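Have a look at the structure below, then the notes.
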Amino acid sequence: MSEPAVEVRNLSKRFVRSLDFVERVANLVGANYREEVVSAVDRVSLRVDRAEVVGLVGESGCGKSTLGRMLAGILEPDDGEILMGGEHLNRLDDRRRKAALLSTQMVFQNPMASLNPRMRVVDTIGQAPVKHSIVPAREIVPYVDGIMRQVGLDPATRNHYPHQFSGGQRARIGIARALAVKPSVLVCDEATAALDVSIQAQVLNLFMRLRAQLGLTYLFVSHDLGVVRLLADRVGVMYLGRIVEIAPAGRLFADPQHPYTRALLADMPQLVAKKRRFVAIKGQLPSPLNPPMGCHFHPRCPMAVARCRGEAPALREIAGNHSAACHLV
Amino acid sequence: MSTVDQLPTETAGVEEGESMLRRQVREYFRSPLATAATITVATLILMAFFAPLFVPQNPYDLSQLDIMDGLLPPGESTYSGRVLWLGSDEQGRDIYSAILFGLRTSLTVGFLATAIACMLGTIIGVISAYVGGWVDSFVMRVVDLQLSLPSILVALVLLAAFGRGIDKVIAALVIVQWAYYARTVRAAALVERGAEYVEAARCLMLSNTQIVFRHVLPNCMPPIIVVATAQIAHAIALEATLSFLGAGVPVTQPSLGMLIASGYNYLLSGQYWISTYPGVVLVITVGAINLMGDRLRDVLNPRLAN
């Protein structure tokens, strides 16, 4: 029905701590130091359609932020492909690659840390549009004013510095900065996690309004299932660098298939007290330095069988639009 | 959805665009000691810079000197009836005039050397942080080497090779001081480079030059300023030492250090004023600049401020 705005195929990102000089010398005389490699994102494929909101959930360290940062052009993937508007990013020439990456913008988790403390708001929002000739330098002030109004900021505060704003206002500045370069895709990395609940609601409403007004596509990275349920059309669940289940939001929350998703949803706080068996996820998140063989989740999975230890399950479609990576479903 | 339209525009109590800088300046002057030190340094700079307006004679114009006025103690009058508040040296030179002219040389050398070393060190530090890899390792080993040698020793060796002269003293001071800035700036740039606002700038496809000059460097300024202030005092003291040892500025443009050296021979014969007063001015200058540096460090370091 719709074309993909962003698509990633088999995308991987590894963080390597290479050996230092002493360790290399020690290796020469027989020690056995090895490079430490973290597969933050491990052959992930994901497609976000135009004007769709895809939520990405998972524990800390599961690679959801790394995935978002690769889409935003902050991190280079080690492997795999990113397609934007149907074009392979790596096959574009420099200028068009830049334009494609510019059309994917990011909203950050920490509204204070993500704003340059020594820059006035007007420069924070206006720097990129001027540099990329989206707006001539002479007209930048009215342009910034327009965007500030759009996100609910008073344009009279354009000459203020970030420390003079409240947390919610700073979040809006971060959104305004992203909007100023006319993106089509917004990657929101825990964009509301640092805010008070009441402010969170305002900012979420703002996201939804902007989506309606501008036809934006969102990749909404969060550990907050409630927020994702509210916003997302489709939800992907990540565990140790892999997507373990992805389905339309309603289906995922109503009928989760993967044991990890089930456990995650069971841990979700609920207002209505239900008589339910409380099955917490056993144990700790394994070290990403040394992930378990086979299915990454098997050491904590209540249903694990012998096959789970040896063979990593592939993500396969189990019903319309609903995929899970588990041998047992 | 009407909730979105209730725009939180409350900004009461916030002064129009008050920058961090202005806040910090106000904070800085809340310390009486720092204020006094700043006034002292400002006065010394003004008097040294406009020395001809403040002194009765040009101490290095031989036609204005009278050998008959030689070695007069403080408070004595010259042959022509002018009171010498700080005494005179063996050639009849007014010590007060000589101090202001000497201070001018000392301050010029100190500030110029610091400014050049600061720029050089900042450039090298940022490049080191940004390029990384073996360039970074190489630069930092050179810095380690530089900082492990006593600066006075290196400067003496350099001046022995260069010869005397203000430009040569400045060059020697730059060579012994750039490493402090390079190390400081590299450390600060490495921290800032990982900041979320720099990630945001990269996401906005800004070039590395724009990121370094608009985002990284302005946020590295606090440590640079602190180091630079301490290093001005250090440079002035170092220059005085070099000149005292006879390796610094030429005799035609004596600095405070050289004045101290020229009176040194008279100290034991009771004519203390030729060395002592330039020494007192040197101590006040270096001390006041150091006090300013301490206060700047307190104000600019967010971890020390509450």
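Residue numbers (numbering that gives the first Met the number 0), protein chains in the order written: chain C, 0 to 328; chain Z, 0 to 305.
Note that the Cβ used here is the ideal one computed from N, Cα and C, for glycine as well.
Keep in mind the model is a prediction, meaning the values are calculated, not measured.
Could you name the residues that DSSP lists as bridge partners for residue 245 of chain C?
One-based indexing of the first sequence puts residue 245 of chain C at position 246. BP columns for residue 245 of chain C point to C:235 and C:322.
Proximity below 7 Å, CB of residue 36 of chain Z to CB of residue 287 of chain Z:
Residue numbering aside, residue 36 of chain Z sits at position 37 when the second sequence is read from its first letter. Residue numbering aside, residue 287 of chain Z sits at position 288 when the second sequence is read from its first letter. Cβ distance < 7 Å, so residue 36 of chain Z and residue 287 of chain Z count as in contact.
Hey, does residue 97 of chain C have any beta-carbon neighbour from chain Z nearer than 7 Å?
Taking the first residue of the first sequence as 1, we reach residue 97 of chain C at position 98. Taking Cβ atoms only, chain Z reaches closer than 7 Å to residue 97 of chain C, which makes this a yes.
Alpha-carbon to alpha-carbon, residue 252 of chain C and residue 208 of chain Z:
Indexing the second sequence from 1 puts residue 208 of chain Z at position 209. Indexing the first sequence from 1 puts residue 252 of chain C at position 253. If I take the Cα positions, the gap works out to 47 Å.
Per-residue burial, residue 107 of chain C [other beta carbons within 10 Å of its own, 16 or more giving buried]
Here residue 107 of chain C is taken as the residue at index 108 of the first sequence, counted from 1. Its Cβ being crowded by 16 or more others within 10 Å, residue 107 of chain C is buried.
Output, in sequence order along the chain, the residues in the stretch 98 to 117 of chain C whose CB is closer than 7 Å to any CB in chain Z.
100, 101, 104, 105, 107, 109, 112, 113, 114, 115, 116 and 117
For chain A, is any of its Cβ atoms less than 7 Å away from the one on residue 73 of chain C?
In summary, chain A is missing from the structure at hand, where the protein chains are C and Z.
Would you say residue 175 of chain Z and residue 194 of chain Z are within 7 Å of each other, going by their C-beta atoms?
Your numbering for residue 175 of chain Z matches position 176 in the second sequence. Your numbering for residue 194 of chain Z matches position 195 in the second sequence. Cβ distance not < 7 Å, so residue 175 of chain Z and residue 194 of chain Z don't count as in contact.
Which residue comes first and which comes last in the beta strand (DSSP E) that contains residue 184 of chain Z?
Here residue 184 of chain Z refers to the residue found at position 185 when the second sequence is read from its first residue. Premise fails: residue 184 of chain Z lies in the alpha helix (DSSP H), 165 to 192, not in any beta strand (DSSP E).
As assigned by DSSP and simplified to three states, the class of residue 4 of chain C:
The residue given as residue 4 of chain C occupies position 5 in the first sequence. In this structure, residue 4 of chain C counts as strand in the three-state DSSP scheme.
Can the beta-carbon of residue 157 of chain Z be found less than 7 Å from the beta-carbon of residue 234 of chain Z?
For the purposes of this step, residue 157 of chain Z is taken as residue 158 along the second sequence, with counting starting at 1. For the purposes of this step, residue 234 of chain Z is taken as residue 235 along the second sequence, with counting starting at 1. No, they are not a contact pair.
Give me whichever residues DSSP pairs with residue 219 of chain C in a beta bridge.
Translated into positions along the first sequence, residue 219 of chain C becomes position 220. Its beta-bridge partners are C:54 and C:187.
Do the stretch 254 to 262 of chain C and the stretch 233 to 243 of chain C touch if we need at least three Cβ pairs shorter than 8 Å?
yes
Assigned secondary structure, residue 310 of chain C (DSSP; H/G/I helix, E/B strand, else coil)
Your numbering for residue 310 of chain C matches position 311 in the first sequence. In the structure shown, residue 310 of chain C sits in coil (DSSP, three-state: anything other than H, G, I, E or B).
May I ask you to list the residues that DSSP assigns as paired with residue 103 of chain C?
Position 104 of the first sequence, counted from the start, is the residue given in the question as residue 103 of chain C. Partner(s): C:184.
Throw me the rounded Cβ distance for the residue 309 of chain C and residue 292 of chain C pair, which I believe falls under 8 Å.
Counting from 1 along the first sequence, the entry for residue 309 of chain C is found at position 310. Counting from 1 along the first sequence, the entry for residue 292 of chain C is found at position 293. Indeed, because the Cβ distance is near 7 Å, the residues count as touching under 8 Å.
Nearest neighbour of residue 103 of chain Z, chosen from Z:139, Z:40 and Z:129 [CA to CA]
Looking up residue 103 of chain Z in the second sequence gives position 104. Minimum Cα distance to residue 103 of chain Z is reached at Z:40.
Taking the alpha carbon of residue 183 of chain C as the point to measure from, which residue in C:23, C:47, C:226 and C:10 has its own alpha carbon closest?
Taking the first sequence and counting its residues from 1, the one referred to as residue 183 of chain C is at position 184. Taking only the C-alpha atoms, the option nearest residue 183 of chain C is C:47.
Interface partners of residue 194 of chain Z on chain C, CB under 9 Å:
The residue given as residue 194 of chain Z occupies position 195 in the second sequence. 112, 113 and 115, listed in chain order.
When you compare the CB of residue 309 of chain Z with every CB in chain C, is at least one pair closer than 7 Å?
A question about residue 309 of chain Z goes unanswered here, because the residues of chain Z that appear run from 0 up to 305.
Apart from the five residues on each side of it in sequence, which residues of its chain come closer than 8 Å, Cβ to Cβ, to residue 191 of chain Z?
Here the question's residue 191 of chain Z lines up with position 192 in the second sequence. 197, 214, 215, 218 and 219.
Roughly how many angstroms separate the alpha carbons of residue 289 of chain Z and residue 91 of chain C, rounded to a whole number?
As a first step, residue 289 of chain Z must be located in the second sequence, where it is residue number 290. As a first step, residue 91 of chain C must be located in the first sequence, where it is residue number 92. Whole-angstrom Cα-Cα distance: 56 Å.
If we ignore side chains and look at the alpha-carbon of each, how far apart do residue 131 of chain Z and residue 98 of chain Z end up?
The residue labelled residue 131 of chain Z in the question sits at position 132 within the second sequence. The residue labelled residue 98 of chain Z in the question sits at position 99 within the second sequence. Taking the straight line joining both Cα atoms gives about 47 Å.
Coil, strand or helix - residue 13 of chain Z by DSSP:
Walking along the second sequence from the start, residue 13 of chain Z turns up at place 14. Confidence is the limiting factor: at residue 13 of chain Z the pLDDT is only 44, short of 50, which leaves the residue's position unreliable and the question unanswerable from this model.
Does the stretch 80 to 100 of chain C come close enough to the stretch 241 to 249 of chain C that 3 or more CB-CB pairs lie under 8 Å?
no
Residue interval of the beta strand (DSSP E) (run including residue 46 of chain C)
Counting from one through the first sequence, the residue named residue 46 of chain C turns up at place 47. Its beta strand (DSSP E) spans residues 35 to 48.
Exposed or buried, what is residue 243 of chain Z when buried is set at 16 or more other beta-carbons lying within 10 Å of its beta-carbon?
Taking the first residue of the second sequence as 1, we reach residue 243 of chain Z at position 244. Label assigned to residue 243 of chain Z: buried.
Counted within 10 angstroms of its Cβ, other Cβ atoms place residue 263 of chain Z as buried (16 or more) or exposed
For the purposes of this step, residue 263 of chain Z is taken as residue 264 along the second sequence, with counting starting at 1. Label assigned to residue 263 of chain Z: exposed.
Can you tell me whether residue 166 of chain Z is buried or exposed, with buried defined as 16 or more other CB within 10 angstroms of its CB?
Residue numbering aside, residue 166 of chain Z sits at position 167 when the second sequence is read from its first letter. Per the 10 Å Cβ criterion, exposed.
For residue 239 of chain Z and residue 281 of chain Z, which I take to be in contact (beta-carbon distance under 8 Å), what is that distance rounded to the nearest angstrom?
Within the second sequence, residue 239 of chain Z is the residue found at index 240, counting from 1. Within the second sequence, residue 281 of chain Z is the residue found at index 282, counting from 1. Yes, they are in contact, since the Cβ atoms of residue 239 of chain Z and residue 281 of chain Z sit about 6 Å apart, within 8 Å.
Measure the CB-CB distance between residue 227 of chain C and residue 234 of chain C and report whether it falls below 7 Å.
What you label residue 227 of chain C is simply residue 228 of the first sequence in a count that begins at 1. What you label residue 234 of chain C is simply residue 235 of the first sequence in a count that begins at 1. Yes; because the gap between Cβ atoms is below 7 Å, this pair is in contact.
Helix, strand or coil: how does DSSP classify residue 120 of chain Z here?
Counting from 1 along the second sequence, the entry for residue 120 of chain Z is found at position 121. Helix at residue 120 of chain Z.
Using C-beta distances below 6 Å, list every residue in its chain close to residue 140 of chain Z, excluding the 5 sequence neighbours before and after it, in chain order.
By 1-based counting over the second sequence, the position of residue 140 of chain Z is 141. Same-chain partners within the cutoff: there are none.
Quick one: Cα of residue 37 of chain C to Cα of residue 305 of chain C, how far?
Against the first sequence, residue 37 of chain C aligns to sequence position 38. Against the first sequence, residue 305 of chain C aligns to sequence position 306. For residue 37 of chain C and residue 305 of chain C, the distance between alpha carbons rounds to 26 Å.
Is any beta-carbon of chain Z found at less than 7 Å from that of residue 127 of chain C?
Along the first sequence, one-based indexing puts residue 127 of chain C at 128. By this cut-off, residue 127 of chain C is an interface position.
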